Each structure stands twice: as C-alpha cells, then as structure tokens.
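Worksheet for the structure shown next.
Numbering (my numbering), first residue to last: 18 to 430.
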C-alpha cells in the first residue's frame, strides 16, 4: 500500500522527480566511469609490478660500521685503538653471504615458484663524446625468465641467447636507440674500476618505461661478476611466489630467520601504492559532491511535498495509519528515487565504459588496459545512491510523521 502511495506522490510531481533522478543518475554515472578507469589503471600497474619484477627480493642488509671490527682489520696487533674520529656510518654489503643456502631453502619451499640469483653492478658506455650510465644485471637466463616476464618484453633476440657464449648483452631498446646500435653490434662497457670490456648485443627489450630502458642491461651472471670485480658473488636473489598477494607475509616470515634484507614487491613500492589511496579519495570526493547536490534536491522536494500533502497525511492518520507508516511512506519515495537513479546510472555508466573500452598509456610499447567492469563497482554505485536518497528523505519523513491530524484540520479551518 505504502509503495503505491509513494509512487503516486512521485508521479504527481514529474518535473521535480525528474530533476532529482537526474542528480542521482549523474552522480552514479560519474562514480562508475571514474572507478572503472582508476581501478583498471591500478590493476594494470600492479600487474606490471608483479610480472616485471620479482615478488620478493633478498639482498645483503646495510649494517652500521663497528669501530672494533675496523680496528681488528687495520691494527690486529694492538689491544686498543684511539681514534681522532671514530669510524661511523652505514656499510652496505655488496653480496649475500649464504646465497647457496637461500637457493636450497627456496627450492624446497611450497610457496615458491622460482628463484633467480642476481649480481648487479654499474658500468659506463660512451657514444659521440657522451657518457651514459648503465645498470647491469647479471642473471642465469634460465632462472630469470621463470621469475619475471622479461622474455615477453623482448623486442629482438631472446634472453636465452645470453647462454650461447660469453661477453653477450641484452640492452633496453631506448638505450639501443641512443647508441644507434642493433642486435649483432658490439658495445664497450667501462667498469667502476676503469677496465673496458666489449660485449655483443644479442637482444633488446622494452618494458614500457622509457627512463628505465634507457639505462638497463642484462648479461650472464659470470660476465657481470667479472665486470664488477666480484667473482662468485651474488648481490640479490629474486623470488616468484605462488600468490603475489601473500608476498609481504612470506617476506616477513623469512626476515625473522635471516640477517639479509627480505622485502616484497608491495613493500618496495609502498610510496607508489600509496597513490592509489589518493585516487580513491578523489573519486569518492567527486561522487560525494554530486550526490550531495542530489541529496539536497531530495530533501527540498520532499519538504515541499510534506507541506503540500498535509491534508493527505491527516486523512491517512485519521484512517488509522501510525506515525511510523507516514515515515515509511516518505522513505519509500526517497528509496525509489535512489534505486531508479542508481540503476539507470549503472546501466549508462556500463554502456559508456564499453564504448571507451581500452585506454592506452604512452611508451615505446604502449600499455593498453581495459576499463574495469568488476561487479563491486556497480554494487557500490547503487549503494551510494540509495544511502544518499534515504538520508536525504529521512528528515522530511520524520517531520511528516510528527504532524497531528487534528492540528492540520484546525489549521485548514
């Protein structure tokens, strides 16, 4: 009964109801499209992080310099060393002390899909009187392609080509363009110790990150160790786990049993991921402002209806309807407006999202991602529209329920 009366009241004021519906509709559409874009971009960034980088990195921990250790090395024959300035600072170890132990542990861990030993160093390359710095990553190609998607990012050649001989290198396509080099050409790298070593380019890759590809290169683990003057040393161990969402918990559990530094992909990219929270605040703020306007529209319209329908309210009360029934009547009106506006907004938002389809992010290999069509986006859109409508209709409904039929009739007289 109350639903039919609520519909009658809504239809009796078509223009006002249409304006209110339009506000709820626009707010819902805005939320759907903004959420579809932001959620898709976030999913794309996370997918890039967990596929292009290891889920967990293990590396030597930075330690504070101990004056006693320095004394034992420099002055082993003296019991006491008096320093004019006590040695202090942070010492970053260049290598993991027990990399073999880590590999043995990881090979038997049920959470681990694959692990790769890595040695990282820095080198310089000259071209046209310009010197470029290159971050060199030494890997076992067979291990590396199981941990990251580097093989999928190859523009020319293959990571496995590194295994076909010594002094071979795979460089970023951007770096190759700057050096005017291609597969089959040679480049000369200058190590941090000044030695110059020629390498044959056997492949190029593009991750979509121009800046990163401009200064990145891969080579055989043994070649990188020789270039860095650290034969047999391992600076990092890259790990891919079964469920990347559990990487932080797994890394924390491993950290307890080791002095090495163990970090998950989300811990490493904590600052970048915090940007997602800013995006969420932005979309909810935009939606909130639009919905606030729609809410005031519902509040004002129902307030006017309460004034215009005083006699109808008196008749309903005299027929035996309780104050709670009158409250329900006006809440139904708000709920109907919110539900219809929310559903229409979701439908149109879905159609617009489909028409947009894909969004392309720039780069030598443009990152293309489809807008997100997760059901929870649409569910939240409908919930927001209904919550706003119910809150906006509550106060007029409460005001209507307090009207006394006797006072209304006397006032009419």
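We treat Cβ as the ideally placed atom computed from N, Cα and C, and that holds for glycine.
Since the model is a prediction, treat every value here as computed from it, not as a measurement.
Sequence-distant residues of the same chain with beta carbon closer than 7 Å to residue i, five excluded per side
i           : result
residue 410 : 315, 319, 347, 348, 350 and 351
residue 55  : 296 and 300
residue 19  : 342, 345, 346 and 349
residue 277 : 75, 76, 77, 78 and 113
residue 382 : Low per-residue confidence applies at residue 382: pLDDT is 47, beneath 50, and the placement is therefore not dependable enough to give any value.
residue 271 : 279
residue 67  : 261 and 282
residue 170 : 222, 223 and 224
residue 360 : 399
residue 231 : 189, 191, 192 and 195
Counted within 10 angstroms of its Cβ, other Cβ atoms place residue i as buried (16 or more) or exposed
i           : result
residue 460 : Here the chain covers residues 18 to 430 and nothing more, so residue 460 does not appear.
residue 114 : exposed
residue 22  : buried
residue 354 : buried
residue 251 : buried
residue 393 : exposed
residue 24  : exposed
residue 8   : Look at the range of the chain in this structure, 18 to 430, and you will see that residue 8 is not part of it.
residue 185 : buried
residue 287 : exposed
residue 2   : Past the boundaries of the shown model lies residue 2; the chain is included only from 18 to 430, so the question cannot be answered.
residue 124 : exposed
residue 158 : buried
residue 167 : buried
residue 257 : buried
residue 32  : exposed
residue 93  : exposed
residue 307 : buried
residue 336 : exposed
residue 221 : buried
residue 368 : exposed
residue 148 : exposed
residue 35  : exposed
residue 176 : buried
residue 253 : buried
residue 165 : buried
residue 374 : exposed
residue 366 : buried
residue 370 : buried
residue 52  : buried
Nearest candidate by alpha-carbon position, reference residue i, set the options
i           : options               : result
residue 358 : 330, 395 and 341      : 395
residue 161 : 198, 238, 353 and 55  : 238
residue 210 : 244, 184 and 236      : 244
residue 63  : 285, 275 and 97       : 285
residue 413 : 392, 321 and 386      : 321
residue 146 : 19, 294, 196 and 242  : 196
residue 406 : 259, 37 and 390       : 37
residue 281 : 74, 170, 360 and 35   : 74
residue 225 : 57, 408, 49 and 69    : 69
residue 242 : 254, 266 and 155      : 155
residue 263 : 129, 50, 276 and 173  : 129
residue 200 : 207, 148 and 189      : 189
residue 77  : 134, 127, 153 and 32  : 134
residue 216 : 271, 141, 228 and 254 : 141
residue 208 : 179, 219, 138 and 261 : 138
residue 194 : 169, 144, 235 and 175 : 144
residue 49  : 303, 330 and 332      : 303
residue 203 : 218, 270 and 213      : 218
residue 275 : 119, 53 and 127       : 119
residue 415 : 340, 181, 290 and 366 : 340
residue 235 : 179, 266, 213 and 198 : 179
residue 310 : 39, 268, 372 and 323  : 39
residue 419 : 365, 333, 397 and 205 : 333
residue 26  : 230, 330 and 187      : 330
residue 294 : 30, 121 and 59        : 59
residue 71  : 291, 172, 98 and 132  : 132
Per DSSP, the bridge partner or partners of residue i
i           : result
residue 236 : 155 and 186
residue 281 : 73
residue 215 : 205
residue 258 : 129
residue 375 : 387
residue 222 : 171 and 189
residue 253 : 76 and 135
Neighbourhood of residue i by C-beta distance below 6 Å, restricted to the same chain and skipping five residues each side
i           : result
residue 362 : 42, 45 and 46
residue 312 : 405 and 409
residue 233 : 152 and 189
Neighbourhood of residue i by C-beta, 8 Å cutoff - its chain only, sequence neighbours within 5 removed
i           : result
residue 57  : 376, 386, 387, 388 and 389
residue 183 : 237, 239 and 240
residue 213 : 205, 206 and 207
Cβ-heavy atom distance, residue i to the ligand ZN, below 7 Å
i           : result
residue 356 : Of the ligands one can find in the structure shown there are none, so the ligand ZN has no counterpart to examine.
Entirely within the segment 90 to 157 and at least 4 residues each: give me those alpha helix (DSSP H) ranges in chain order. For the segment 90 to 157, the continuous alpha helix (DSSP H) assignments of 4+ residues that do not extend past its boundaries occur at 116 to 124, in sequence order.
Curious, which full-length alpha helix (DSSP H) runs of at least 4 residues does the segment 303 to 343 contain? Entirely contained in the segment 303 to 343, the alpha helix (DSSP H) runs reaching 4 residues are, in chain order, 327 to 335.
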